[in-house]
Structures are given as C-alpha cells and as structure tokens.
Amino acid sequence: MRVLLTIWVAKLAGLAIRALGRAGTHTPGLIARRLHPGIIGALRHPSRVIAVTGTNGKTTVSNLLTDALEAQGLKVTSNRNGSNIAAGVTSLLLDAVSWTGKPRTDVAVVEMDERSARLILPGLAPDLLVCMNLTRDSIKRNAHPDYIAWIISSALPASTRLVLNADDLIASSLGADTNPRTFFAVDRLPSDSDRPTGAAVDVGICPVCDHTLDWDYWRYNHIGRVHCPSCGFRSPEAAYRAHNVDAAAGRVTLELDGETREAHLINANVVNIYNEIAVAAVLDQLNVPRDRIIDVLDHIQPPTTRSAVETIGDVKLVRLLTKGLVGVACSRSFEHVASFLGRKAVVLTVDEVSERVTDVENTAWIYDADYEYLADESIEQIVVGGVRRHDHALRLAIAGVDPERIVTIESETAAADRIDLGDVDDVFNLHSVHNAVSTGTVVQERLRARLEDRARVVS
Amino acid sequence: MSRALTIELLFPEIANLHGDNANVDYLLQCRPDARVVRTGLTDTPAFSSEPVDLVYLGAMTENSQLKAIDHLRPHRDRIEALIEAGTSFLFTHNAVEVLGTRIRNDEMKYDVAGVGVFDIESTVAMFGRYNGKVMGTVPEAGADNPVVGYKSQFSMVTGGDSIAGFLTADRGIGRNTTTAVEGVRRNNFIGTSLLGPLLIANPHFTRGLLARLDPDTEPVLAHEKLALAAYDARLQDFRDARRWHPFEQPTSH
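Written out as structure tokens, the structure is:
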C-alpha cells in the first residue's frame, strides 16, 4: 500500500508540475524517495532494464539505444529529458508504471550518473549495465576513477550482465566474478602511440604483480591496451570491436562476437566510435538481429558535438566547450586545437573562479590538464581572460608556450578585443560550461564581428 | 658553487593524482641541472643506497596508499635515519598518511598499519569528502608570504600531538576539523595534505625550499613574474574574509 500511495502522490505531483509548464522529470522522483526511500527497488520494472554509465558517452549511448529499441517496435522509457541521479531515475521508473503500479513499457534505458550508483543500482538491479569509461572528473566531487569504480562495484547486483570498455582497465574491472561480462573495444588507430603521455594516466601498474605495464597502444588518459611484461596479464579480449575506420567514406568495420559487418560510421571522433561499438554490443546482447543492428546504425544521426566551426572570409572561427574543473576534458579540447594545421590564435576563458562563491575554489585541475598541446609554434597568440588568468598563463609557460605569446586580461569578454587576428587561419574561442552564455557567446559575437570586418576590408 | 641536485620522485605511476607531480616538473624548470630519479613501485628506492637531496611522494588513491606502504615498509629505518640526518622530503596530499601508524577505512573494509615513521593515524571516510582552502605561515617564506592551498580529501589525520605541523593555519583547517595544525614537519621532512601545484602556487615557499636544498646557489624561480602575479592574486583573495565558508574553520577556533 505504501508503494501505491507513493506512486499516486508522485504522479499527482508530476501532473501538477507539468500543468505549470515544467518538465517534472526530477521532483516526482524526489518526493517518491522521501515517502519511500526504497522506491526504486519497490516499483515493478519493465521486463528489460538497461543502465548506461561512465564519465563520457553515457548520454549519447542512452539516447542511441532508446532510438534503436523504439525502432524495433518496443515501448521504451528513458530519462532522455530528465536527470540521471537517483531522483531522475525514480521519476523515469514512475513513468514506466501505471497508477496501479503495473509496468506499461517493455524496456527502461537508464542513463545513470556514475557517482549516484549506490543510490540507484541496488534497487534498479538492471539486467545489463554498460560502462563507457571511467576517467578523471571533478577532483572535489569524483576524486579519482578508482573511487567511482569502487562505488559502482560496491552497489552492483551479482547477476547484472556487464558490457564494458576493454580499452579502459578501470572500467573493465567493474563488478565481481559472479557478473557475466562482455567487452567492446576500438582497435589501434593511426593516431595512437606506444606509450602514454600527459598528466592524467590512471593505469600504470599491473593489477596482479605491481610491475609497470607496457602498452600495445595508448590513446588518451588511461585508454588503450596494456600487457604486463612480468606476469603476462593483458587487457581483456573484446568480443565487439571497431576497426578499419574510414572517416572519408563514413564507414567502419564492426566485429560482432565472431561476425564481421560493415557499418555506417556515425562520427569519426574516437569517443563516438566507442559509442557506436557499445550500442552494437548492447543490441547484440539483447538478441536484436544483426541485420537490424546495422540498419539502425545506418539511420542514426550524429550526436551534437561540443565544437562549432564557422568560416568567415578565409578564417575558421571555432567555438569549443572546454569544461573547466575537469583537466582531462580540457586536454581533449587543447588536443583538438592542436589538430588544426593553420596559424592559430586562441581566446581562453576556462576560469572557474565563480565556484569560490558557490562552493570552494580548487585550481589543482589546471595541472591535470595537458596545456602542452598549446605549446605549438603555429599558435601565434593566446589571450587568457578571467580572475585566475595568471594561473593559466603560468601553466601555459610551464607547458612550454613562449610567454611573449601569452596575453592576460581581467575581463573575460574583452579578451575577444585583445586577440591579434593578424593573418591567422583559425581563431579559437575556448570557454567553460558555467560561462558559456555570459562569456562564450559574447566572445563569439565579438570575434565574428571582427572577422567580418576584416573580411570586408580584404575583399 | 652550484652542484647538481638529485630529486627522487617516488612511484609516479600510482602517485600522480590532482596534478601533484607538476611540483617536481616545476622544480626541474627552476633547476634545469637537477637530476630526477623516477622510482617505480617495484624498483628499489634510490634513497636507500645513495644521497638524494629531495624525496617526493604525491597524491594517490586509497588502494595505492596500501601498495606504497608495502613497498616503503622495508625502508622504514632508512627513512627515519635520513630524516634525522636532515634530508629533505616533501609528501603532498595523502602521501604523508602512508608514513603514519595506521590507516582505517571502514567503507572499504580495511584497517592497516602504516610504515610507522610518524605517530599519526588517518581515518578515511569515502562518503565524507572534505573540500576547503588553507592559508598559513611557514618559516621558508616568512610571515608576509603565507602558504596558500587547497584540500580535497576523504581522510582526516589524528595523533601526532608532539609533532610540529607544516604550518598552523591562519584560515582553514589543519590535520582534521578540530585543529589548525596542518601536516607534519620534522627537521627537513614536510608532509602536507594540501594538494596540487603547491610549489607552483607558492613561489616564496619554493624559493625557500630551493635555498635549503642548495644553500650555495641563489634560487631562481621559473617564470617568476607569472608565478608571483598568480600568488599575489590568490593571496589577496584568501585574505578576504568573505571568501571563507564557516566549515573551513576548525571547530576549536
């Protein structure tokens, strides 16, 4: 009776919230958890529950799986438009039952915040859990990937089938011996190297004998394939692999547990190749016919990216979300900047000083980020804006950027006015999440206006 | 007359969290002639058999703390002898806990003895991470140039009442939430729970440390102008009482 009462109150709350024009994807779950702390486990679930977690890719993979399963004619509940913490997942499960508590969908696809696993997994008891990767995130909240792996493993039901990234030795170690598991991977790419570089490499020693590991290939952070020269330990073999990535033709070869198939390449970015092979692995594990899996991949729309490029005159203006507080996310942005071959200028406003008001500032993440990617002769100037501009300028200098090329300015938005557009080919606007609108958009508009003026003069 | 410094970086493959190892990179930029010995977990530490000017150990995971204890325990007597002889050590974040007498972690279900160099114990609370700032004076930098830094940790340290702190916090907590005494200091051993680029963020302290490591050489800071600008901005901020949350002060204050 308590469960039914909780369902009714939460659903009524959801109706009221939606009547006010809001989404109501969080509060009903919040209320339900207050009324019944064990509600996630007490509710009847759809016949299939799939959870997707990891530091990067969980949103994209959840959405792709939802689309793919709906395309198979299944009725799917997901938190696509809701939150991925306990309250959001509770709201999802409430939506998946009728007022009498009966399941009314076939499948639940649950995107799960990895840090919330202990509040979600014991009750959710998913049939299948996908973990895309576990890399460094906020030092203050997530500490380190080992911590997140421990949270997930501690909360994981013994029978949940795991679909794990074989190229991530932390994610691939999730769970206990009782958990059935299968692995996905992306074979060596031309851009991979033989040894790791950078500040944030979280796999260094053999989990069996503590000896330093050797890398078959290294991709980024601790992503790649390893073996131990001392005891023979190796990264797990993947039943699902992507290889022969042909970005120009938009094709990729997928190994699906013993069968080779050609497929549409959703996106050439390595993160999205992982997303694609993970989706294929899950669908195969759910016994979706392989012809249909390939058909689904053919029709998937590329996910939105954190990068936007516009060409003004003969200059590319690149806006790039560069998530401050998360050093490894900054490294990927800096690496992206370095991948452009022309002469470059960069506006850098990833200051996270705002958190000193709402929380406690901690700037250690700057040294988890590989600013070394920006120590490139092709980058003619970097203008750093914000309160902590001197910290970033110092980090750039330590990374090897010529201090003569670094300009600091207190105002984040005025950085757009200070940058020397001279005769550069590419201009980058790197901003964080919290200042995406207040700084990122303003800088973008000012840079665009200046480049349009320059294009008019040239023409 | 200048002489080459030897800096031993212990276990960089596991003790590399939170950007802490940038401290050694920065020292190397300040003293390009220095030799950095990177000692892997299964290697024999250089300090066990040869003179080393500075032994450095940075931030690590909880599991890595246990591995570090196992690999340092055989060298306990040597570590104690070196500390007594005045060798410099810098252990940041949770590294100093490895040298304590006990680490207790109820959530991860272990309670282990540390290397036992210092009479301190740490209690790890995996669901009680503490985040805060610290500001306090150290002899290496003088009263006008306090050390400024950050904490982000699962553990709190108790005991060591007779052991001097790295600093006594003017603002921020120390070894735990009831004391302003932060870290440990014995002769030239410094252990602090402050994390990240401690030496980069505190150029005056770093200058003092370099002077102690090599008294015959005038310390030169890499990118000094930028380092001082960053320090001055942070110090100004930290001196503003409005920047401090109530939980950032020890409860005994």
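So the sequences go chain by chain: A and B. Per numbering that gives the first Met the number 0, the first sequence starts with residue 0, numbered consecutively. Per numbering that gives the first Met the number 0, the second sequence starts with residue 0, numbered consecutively. Built from N, CA and C at the ideal position, the CB exists for glycine as well.
Residue i at chain B interface by Cβ criterion, 8 Å
i        : result
A:Ile138 : yes
A:Thr181 : no
A:Trp217 : no
A:Ile365 : yes
A:Arg355 : yes
A:Thr259 : no
A:Val109 : no
A:Val327 : no
A:His430 : no
A:Trp149 : yes
A:Glu360 : yes
A:Ala142 : yes
A:His263 : no
Under 9 Å from the C-beta of residue i: neighbouring residues of chain C
i       : result
B:Leu40 : Absent from the structure: chain C. Protein chains present are A and B.
Three-state class that DSSP yields for residue i in the structure shown
i        : result
B:Cys29  : helix
B:His252 : Residue confidence is low: B:His252 scores 45 on pLDDT, short of 50, so the model does not pin down where it sits. Its coordinate-derived value is still stated next. B:His252 falls in the coil class under three-state DSSP.
B:Ile13  : coil
A:Ala184 : strand
A:Trp214 : strand
A:His389 : helix
A:Arg342 : coil
A:Glu379 : strand
B:Phe204 : helix
B:Val156 : strand
B:His244 : coil
B:Lys150 : strand
A:Thr438 : helix
B:Phe90  : strand
B:His74  : helix
A:Ala50  : strand
B:Gln108 : The sequence as given places Lys at residue 108 of chain B; Gln does not occur at that position. It is coil, neither helix nor strand.
B:Glu7   : strand
C-alpha distance - residue i paired with residue j, whole-angstrom precision
i        : j        : result
B:Pro245 : A:Ile204 : 41 Å
A:Phe232 : B:Leu56  : 27 Å
B:Met125 : A:Leu19  : 40 Å
B:Arg75  : A:Gly23  : 59 Å
A:Asn266 : B:Gly99  : 51 Å
B:Gly159 : A:Ala170 : 38 Å
A:Ile397 : A:Gly28  : 48 Å
B:Leu194 : A:Val2   : 46 Å
A:Ala70  : A:Val295 : 8 Å
A:Leu320 : A:Ser431 : 6 Å
A:Ser46  : B:Gly115 : 54 Å
B:Pro214 : B:Pro196 : 24 Å
B:Leu65  : B:Ile102 : 9 Å
A:Gly341 : A:Ala414 : 21 Å
A:Tyr216 : A:Asp166 : 9 Å
A:Asp145 : B:Thr60  : 7 Å
B:Pro67  : B:Leu40  : Sequence check: residue 67 of chain B is Ala here, not Pro. Distance between the alpha carbons of B:Ala67 and B:Leu40 is about 7 Å.
A:Arg160 : A:Asp126 : 6 Å
A:Thr104 : B:Asn15  : 46 Å
A:Asp213 : B:Asp169 : 46 Å
A:Ile119 : A:Tyr219 : 30 Å
B:Ile199 : B:Ala94  : 18 Å
Extent of the continuous alpha helix (DSSP H) run through residue i
i        : result
B:Ile68  : Glu61 to Leu71
A:Asn428 : Note, A:Asn428: premise wrong, no alpha helix (DSSP H); beta strand (DSSP E) at Asp425 to His430.
B:Gly39  : From DSSP, B:Gly39 is part of no alpha helix (DSSP H); its letter is neither H nor E.
A:Ile151 : Pro144 to Ala154
Closer than 8 Å to chain A by CB, residue i
i        : result
B:Asp32  : no
B:Gln235 : no
B:Ala232 : yes
B:Leu194 : yes
B:Glu253 : The structure shown does not extend to residue 253 of chain B, since chain B is modelled only from 0 through 252, so no value can be given for it.
B:Asn130 : yes
B:Thr60  : yes
B:Tyr149 : yes
For residue i, the first and last residue of its enclosing beta strand (DSSP E)
i        : result
A:Ile119 : No beta strand (DSSP E) contains A:Ile119, which is instead part of the alpha helix (DSSP H) from Ala116 to Leu123.
B:Tyr129 : Tyr129 to Thr136
A:Thr407 : Ile405 to Ile408
B:Phe188 : Phe188 to Thr191
Whole runs of the alpha helix (DSSP H) within the stretch 263 to 336 of chain A, excluding any shorter than 4 residues: 269 to 284 and 289 to 297
Complete runs of the beta strand (DSSP E) confined to the stretch 231 to 266 of chain A [at least 3 residues]: 239 to 245, 250 to 255 and 258 to 263
Those runs of the beta strand (DSSP E) which lie wholly inside the stretch 48 to 90 of chain A and span at least 3 residues: 75 to 77
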